[in-house]
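A.B. asks:
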Amino acid sequence: MVGKRKAPKRGKRTPIGDRVQFLMMMDPDVIADIKQVGIEEHRAAWDIMEQAAREFLKRRRGKRASQPSAD
Numbered sequence: 011m012v013g014k015r016k017a018p019k020r021g022k023r024t025p026i027g028d029r030v031q032f033l034m035m036m037d038p039d040v041i042a043d044i045k046q047v048g049i050e051e052h053r054a055a056w057d058i059m060e061q062a063a064r065e066f067l068k069r070r071r072g073k074r075a076s077q078p079s080a081d
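In the numbering used here, the protein residues as written are 11 to 81.
(1) Determine, using beta carbons only, whether I58 and I49 come nearer to each other than 7 Å.
(2) Considering Q61, what are the terminal residues of the alpha helix (DSSP H) in which it resides?
(3) Using the three-state DSSP reduction, which class does G48 fall into: helix, strand or coil?
(4) Quick one: what does DSSP say V30 is sitting in, helix, strand or coil?
(5) Measuring straight from C-alpha to C-alpha, what distance separates M36 and A42?
(6) Between H52 and Q46, what straight-line distance do the alpha-carbon atoms span, to the nearest angstrom?
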């Protein structure tokens, strides 16, 4: 069996691209809700969280841009 390797398994739960892993702590009820959404939408929890983070950052940038400058 020299030279034979199993190809890494890539499923919907495996991030693709240049994503990196990091640790975050959340309320267990929130985690359960995120997982339930993932089941209902056939998506991975990381994908749901990435979408939520992007939407949050977009809203935050919009609010900061509309605030008057402190000059």
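Heads up, the beta-carbon is just placed ideally off N, CA and C, and yes, glycines get one too.
C.D. replies: Taking the structure as given:
(1) I49 is positioned such that its CB atom lies no closer than 7 Å to that of I58.
(2) 55-76
(3) helix
(4) Residue state for V30 is assigned as coil, using DSSP reduced to three classes.
(5) 10 Å
(6) 10 Å
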